[in-house]
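In what follows, a structure is listed as structure tokens, so that the remarks can point back to it.
2 protein chains.
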Amino acid sequence: MSFDDQLPPKTRLLRAAAELLANSDGSPVSTRQITKLAGVTAPTLYHHFGDKEGLFDAVVAAGFEEYVAGERDFAPSGEPLEDVRRMWDNHVRFGLTQPHLYLVMFGNIRPESRPAIVADAESLLEEMLSKAAIAGQINVPPREAARSILAANVGVTLMLIAEPLEDRNLELSTMTRDSMIFAVSTETARGAAADDSGKSSVVVAAIALNAALQASHSDQLSSSELKLFLEWLHRISSSS
Amino acid sequence: MSFDDQLPPKTRLLRAAAELLANSDGSPVSTRQITKLAGVTAPTLYHHFGDKEGLFDAVVAAGFEEYVAGERDFAPSGEPLEDVRRMWDNHVRFGLTQPHLYLVMFGNIRPESRPAIVADAESLLEEMLSKAAIAGQINVPPREAARSILAANVGVTLMLIAEPLEDRNLELSTMTRDSMIFAVSTETARGAAADDSGKSSVVVAAIALNAALQASHSDQLSSSELKLFLEWLHRISSSS
DNA sequence: CACTTCATATAGCGTTGCTATAGGTGCTAG
DNA sequence: CTAGCACCTATAGCAACGCTATATGAAGTG
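Which chain is which? The protein sequence lines are U and W, in order.
Under my numbering, read the first sequence as residues 1 to 240, first letter to last.
Under my numbering, read the second sequence as residues 1001 to 1240, first letter to last.
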């Protein structure tokens, strides 16, 4: 169960820490576990990495390489905002496939101590958004857009990690992603509010839905379902 | 430096924990510090709260009361989306004035263990968004909108907490906030390319009706009818 | 008074991150 | 060849951690 004795202790420590971090079910990883798996004793760890956090930082640095590699892997599609979407998705995917590493990278927030990793991720995003800005596709300075989008991206990823596996719904991610990109992009036709009739109630909403349904040939309901649905709608909207 | 001996130990423990948590500069707070400040011994803590996390949960619960009180304090302005903005701002303000408490509440994420606090904050937001939905102001089901907005809200707050005080820029918050609200609100005609406007109005109306029905306990339909009705509504509103 | 129940204290277990000290190893200089 | 010098690693152990088995006191009830 130990590591190849040929490798230098520093490397063995890094691999052991990475492995334990990846397989730990959220419980903290002790230096004793790490040094035991690496086949070295405690002082070796502190000689090479200063302290536990130093070792984790080194692991994170390697993890970040992987993260950045993922972010850069896809060739620019010529559609910067589409690339931003892919960066978002890659960010979330990274967080969900390596939740413990991600939590060390982005989750271990301490007041007034901004992890360098955040700045790196931010500039990576900003780079792509600058292209979008050049193409006149966004209505916010790239730096601010990057900060904003990254914040939302981190928030969503943390939420998804915290969620039990069985009801993890990636729609939260895509929806938030598209909301953010939509909001900063210039391609949105503003104004032209469809119905600002206001003062909506059950009745008004029912009437609106009724009209809209009949006009749009929605195929979400079968015809028999639709018939009954409309009858109920009528009952609701003709009451009160 | 100790606490009023008249108070029951449970209260003293709570206050001591809250105080140490509030004044700690991010470093962890030990049970020994807490019990010493409270003037009790270890078993007392475990008798009342089970374990350290239990005590922290209790502190958080008190903090959450404060948080909720802040969220409810302002009278509804009659403009639900404006109230959502204020809830967002209140959330950020709470996080920045009590960063350590906030980090215990929202930052201490562990894989697959979703803090109850998140669900509470979510339903608080959802409640307000339902009003917006009834008024036909949003184009996404309230629950999904709440999840999405809260995720972004948490992400932004964590980012701001991590940022050094001197260059904390609240514009990140307002910008992200408005981006999210803008994206889910119907006051903007969404990108024409991806949208069939007829179908879109069906969705909006369905969402509004759904929210209205759940809010008003209409007795126009029997409970079994209502159940099926809502199921269809859900099918319609979650399509597109 | 006897008895139960709740609340607190004494003392200590096992584990944590970390280190003072010392010893071994491989290199270069004389 | 050997002496000296960095560099690296191990032995052993400290202080602090979360937590608990056990015992003692206080308060209420028959």
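C-beta atoms are modelled at their ideal positions from N, C-alpha and C, and glycine is treated no differently.
Just the C-alpha distance for residue i and residue j, rounded to the nearest angstrom, thanks.
| i | j | result |
| --- | --- | --- |
| residue 1185 of chain W | residue 1123 of chain W | 19 Å |
| residue 1063 of chain W | residue 1179 of chain W | 28 Å |
| residue 1151 of chain W | residue 1105 of chain W | 14 Å |
| residue 1130 of chain W | residue 1078 of chain W | 13 Å |
| residue 158 of chain U | residue 103 of chain U | 8 Å |
| residue 118 of chain U | residue 68 of chain U | 12 Å |
| residue 28 of chain U | residue 7 of chain U | 26 Å |
| residue 44 of chain U | residue 56 of chain U | 15 Å |
| residue 72 of chain U | residue 1115 of chain W | 34 Å |
| residue 172 of chain U | residue 146 of chain U | 19 Å |
| residue 34 of chain U | residue 66 of chain U | 22 Å |
| residue 1174 of chain W | residue 1081 of chain W | 14 Å |
| residue 30 of chain U | residue 1096 of chain W | 32 Å |
| residue 11 of chain U | residue 59 of chain U | 10 Å |
| residue 1050 of chain W | residue 1042 of chain W | 11 Å |
| residue 54 of chain U | residue 1136 of chain W | 53 Å |
| residue 1170 of chain W | residue 32 of chain U | 43 Å |
| residue 134 of chain U | residue 1134 of chain W | 40 Å |
| residue 61 of chain U | residue 166 of chain U | 31 Å |
| residue 164 of chain U | residue 1164 of chain W | 33 Å |
Measure from the C-beta of residue i to each C-beta in chain U and report whether the shortest distance is under 8 Å.
| i | result |
| --- | --- |
| residue 1044 of chain W | no |
| residue 1097 of chain W | no |
| residue 1087 of chain W | no |
| residue 1191 of chain W | With a pLDDT of 41 at residue 1191 of chain W, under the threshold of 50, the modelled position of that residue is not reliable, and no figure is offered here. |
| residue 1138 of chain W | no |
| residue 1109 of chain W | yes |
| residue 1076 of chain W | no |
| residue 1115 of chain W | yes |
| residue 1021 of chain W | no |
Strictly under 8 Å for the Cβ-Cβ distance: is residue i near chain W by that measure?
| i | result |
| --- | --- |
| residue 179 of chain U | yes |
| residue 182 of chain U | yes |
| residue 176 of chain U | yes |
| residue 118 of chain U | yes |
| residue 125 of chain U | no |
| residue 7 of chain U | no |
| residue 103 of chain U | yes |
| residue 198 of chain U | Its pLDDT being 31, under 50, residue 198 of chain U is placed unreliably by the model, and nothing is read from it. |
| residue 194 of chain U | In this predicted model, residue 194 of chain U has a pLDDT of only 35, less than 50, meaning its place in the structure is not dependable enough to derive any value. |
Report all residues from its chain with a CB closer than 8 Å to the CB of residue i; omit the five preceding and five following residues, and keep chain order.
| i | result |
| --- | --- |
| residue 148 of chain U | 140, 180, 184 |
| residue 1084 of chain W | 1125, 1128, 1129, 1132, 1149, 1181 |
| residue 138 of chain U | 81, 129, 132, 145, 184, 185, 186 |
In chain order, what residues of the same chain lie with their CB nearer than 7 Å to the CB of residue i, ignoring the 5 residues before and after it?
| i | result |
| --- | --- |
| residue 24 of chain U | 100 |
| residue 1168 of chain W | 1160 |
| residue 76 of chain U | 83 |
| residue 1022 of chain W | 1098, 1100, 1101 |
| residue 70 of chain U | 90, 94 |
| residue 1189 of chain W | With a pLDDT of 46 at residue 1189 of chain W, under the threshold of 50, the predicted position of this residue should be treated as unreliable, though the coordinate-derived value follows. Closer than 7 Å at Cβ, skipping near neighbours: no residue. |
Rounded to the nearest angstrom, how far is the Cβ of residue i from that of residue j, given a contact under 8 Å?
| i | j | result |
| --- | --- | --- |
| residue 1092 of chain W | residue 1040 of chain W | No, residue 1092 of chain W and residue 1040 of chain W are not in contact; Cβ-Cβ is about 36 Å, not under 8 Å. |
| residue 88 of chain U | residue 177 of chain U | 5 Å |
| residue 48 of chain U | residue 13 of chain U | 7 Å |
| residue 1109 of chain W | residue 162 of chain U | 5 Å |
Within the same chain, show all residues whose beta-carbon is closer than 6 Å to that of residue i, passing over the 5 residues directly before and after it, in chain order.
| i | result |
| --- | --- |
| residue 1153 of chain W | 1088, 1091 |
| residue 9 of chain U | 40, 44 |
| residue 1052 of chain W | 1031 |
| residue 196 of chain U | Low per-residue confidence applies at residue 196 of chain U: pLDDT is 35, beneath 50, and the placement is therefore not dependable, though the value from the model is reported in the following sentence. Correct list: empty, nothing qualifies. |
What are the residues of the segment 1140-1171 of chain W that lie near chain U, defined by any Cβ-Cβ distance shorter than 8 Å?
Answer in chain order: 1140, 1144, 1147, 1148, 1150, 1151, 1152, 1153, 1154, 1155, 1156, 1158, 1159, 1161, 1162, 1163, 1164, 1165, 1171.
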